[in-house]
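Worksheet: one structure, shown below.
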Amino acid sequence: MAPAATISTEDLIPEVLQALDKSDQDSISSADAFPAVPFETMKAILDRLTSRSMTTYKQVDTEEAVLEPEAETIVSHGSHEARVFEAVHQAMEGLSIQDLEKAIGDKTVTKMGQGKAFKEKWIKKDGDKLVAITDSITDVTRDQLKVIQETKTHDPKIINELKKRKLIRIQKSFSFRIAKGDKFALEMVKEETDLTAEMLASGSWKTATFKPYNFEALGADQHAGALHPLGKVRGEFRQIFFEMGFKEMPTSQFVESGFWNFDTLFVPQQHPARDLQDTFYISDPKTADRPGPEDENDKRNYAEYFENVREVHENGKYGSIGYRYPWAEDESLRLVLRTHTTSTSASMLYKLASESRNGQSPPVRYFSIDRVFRNESVDATHLCEFHQVEGVIGDYGLTLGGLMEFMQIFFEKMGVTNLKFKPAYNPYTEPSMEIFSYHEGLGKLIEIGNSGMFRPEMLEAMGLPSDYKVYGFGLSLERPTMIKYGISNIRELLGHGVNLNVIEKSAAVRLDKD
């Protein structure tokens, strides 16, 4: 057969068919019969023949040991230790290190070969010279490499040892095992791709062989846009909230004052969360004006609310003794990147209190899903920004048992059952509960959310009735998304390291389906 480089694909097809026909076995190996034909070319030929049922084939993946350049030198001239021995053995009176380097002409060979020759007890040191202590040796390393060079394999222990010495590398090779198909023939029948008017007129269509349609062929890539996995899971969450009668809160305000982000939530100004290590503070402008609606009556309500918050923190109010520290207005007006969307929930509850009539507030259900910012170290599970899913329910007669029942219903809609509740602490909720669920994949309980009932110090300061209760609960958007899509590193979900091909091909998500 002529060299593969000079034969076209059309010429190779009959070569493959003839080699298969002449074989005494049921199949042939492309590596043996056509070693010079590139893998891609052979696969194209076999795909073409197999589509016509003329052949069948299986891809065979093998690993073979390949000599590194240093190993090829050893095969040609002997191992380092053998060359050291031969040089020392030829010098009857021994050699000094300097003379040995001159005799071999390679410092690396001299240095590496000495240690191995000493270990094999081929040479020893006599004064300032090296002398041979045996008359002959077997160059085992060279013999092993010769076997690998000829057979591409050896005993696994020897392979591992030579790999450690960086004398060989393991290389994958690909070939095909080719067999005859149901319609095997030595020639390919020309297949017509179209039924023409001439064929109909002459009647040749009756004996013609037509190329079958491939109904499994993929269409051309349209390079269409794709929804991000976070967007898909966010859509699922929104649908659940809407089904349960919630109204979405406006959360487009990423910058908040410390008043709304911390103070209204009964978070003391000395709380660790307000430190630079946990919060991003705005440098220009550094502080906000006293915010408030334009309506004069609402301005008076806001001023009263501002003073209520101060009193709750400094001296206590509404049955609370407060934190008993000098509350600073300047600290309250510092601008921050919001650390949670609960600041929006506080604003919505204050608005609800302002709009309530006759001292009565209507039942409400609010939710939000948006970005929050924390000054945290970036690792596989944490970013400086992430999405918070938050829900708020306000009504009369709410109890902790009702919150637990609601959490069961809410998470069940995502396919999460068997919840466990653990008492927790939040500055703005009391009682508070962390929510856990058993994760089958990890084989352990994992935290999936936080919840609680907003404190009177927070609600009554706004002007809400003392018997009006509010549930609050939240969870991240990233964690359920990572679980659903099998993502272990959050940086593969958000940021510059995201693989756009993965985003484009990510499947639709159903939170209630595994």
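Numbering (the working numbering), first residue to last: 1499 to 2012. Glycine residues also receive a C-beta, built at the ideal position from the N, C-alpha and C atoms. The structure presented is a predicted model; accordingly, all values stated were derived computationally and were not measured.
Exposed unless 16 or more other CB atoms sit within 10 angstroms - verdict on residue 1834: buried
Local Cβ density within 10 Å of residue 1984, reported as buried at 16 or more and exposed below that: exposed
Beta-ladder partner(s) of residue 1945, from DSSP: 1934
Given residue 1706 as reference, the closest of 1688, 1623, 1715 once Cα atoms are compared: 1688
Residue(s) in a DSSP beta bridge with residue 1921: 1931
Neighbour-count burial assignment, residue 1553, 16 or more Cβ in a 10 Å radius: buried
Simplified DSSP assignment, three categories, for residue 1578: helix
Per-residue burial, residue 1558 [other beta carbons within 10 Å of its own, 16 or more giving buried]: exposed
Coil, strand or helix - residue 1992 by DSSP: coil
Residue 1507: first and last residue of the uninterrupted alpha helix (DSSP H) it sits in: 1507-1520
Stretch-stretch touch, CB-based, cutoff 8 Å, three pairs: the stretch 1726-1737 with the stretch 1754-1762: no
Residue 1528 versus residue 1540: straight-line alpha-carbon distance, rounded: 8 Å
Member of 1639, 1597, 1617, 1609 whose CA lies at the smallest distance from the CA of residue 1626: 1597
Sequence-distant residues of the same chain with beta carbon closer than 8 Å to residue 1966, five excluded per side: 1859, 1892, 1893, 1894, 1957
C-beta contact flag for residue 1848 and residue 1960 at 8 Å: yes
Cα-Cα separation, residue 1841 to residue 2001: 31 Å
Neighbourhood of residue 1544 by C-beta distance below 7 Å, restricted to the same chain and skipping five residues each side: 1553, 1555, 1674, 1676
Alpha helix (DSSP H) segments (min. 4 residues) lying fully within the stretch 1630-1679: 1638-1649, 1654-1662
Alpha-carbon to alpha-carbon, residue 1715 and residue 2004: 21 Å
Nearest to residue 1636 (by Cα), restricted to the options 1620, 1852, 1734: 1620
Contact check, residue 1807 vs residue 1762, beta carbons under 8 Å: yes
The stretch 1599-1619 / the stretch 1640-1653 touching (three or more Cβ pairs under 8 Å): no
Boundaries of the alpha helix (DSSP H) in which residue 1901 is found, first to last residue: 1898-1910
Same chain, Cβ closer than 7 Å to residue 1898, five either side skipped, listed in chain order: 1929, 1951
Contact under 8 Å by Cβ, residue 1585 with residue 1593: yes
Backbone CA spacing between residue 1904 and residue 1862 [nearest angstrom]: 15 Å
Counted within 10 angstroms of its Cβ, other Cβ atoms place residue 1666 as buried (16 or more) or exposed: buried
Beta strand (DSSP E) runs contained entirely in the stretch 1763-1844, provided each spans 3 or more residues: 1833-1835
Strand pairing of residue 1525, partner residues [DSSP]: 1677
Sub-8 Å separation of residue 1925 and residue 1765 beta-carbons: yes
Whole-angstrom distance between residue 1867 and residue 1888, CA atom to CA atom: 6 Å
Pairwise C-alpha distance: residue 1578 and residue 1566: 15 Å
Rounded distance between the beta-carbons of residue 1511 and residue 1518, thought under 8 Å: Not confirmed; about 11 Å, so no contact.
Contiguous alpha helix (DSSP H) assignments of at least 4 residues, all confined to the stretch 1689-1768: 1695-1700, 1727-1741, 1756-1759
Cβ-Cβ separation, residue 1551 to residue 1681 (assumed contact under 8 Å), whole Å: 4 Å
DSSP bridge partner residues for residue 1869 (one or two, in chain order): 1885
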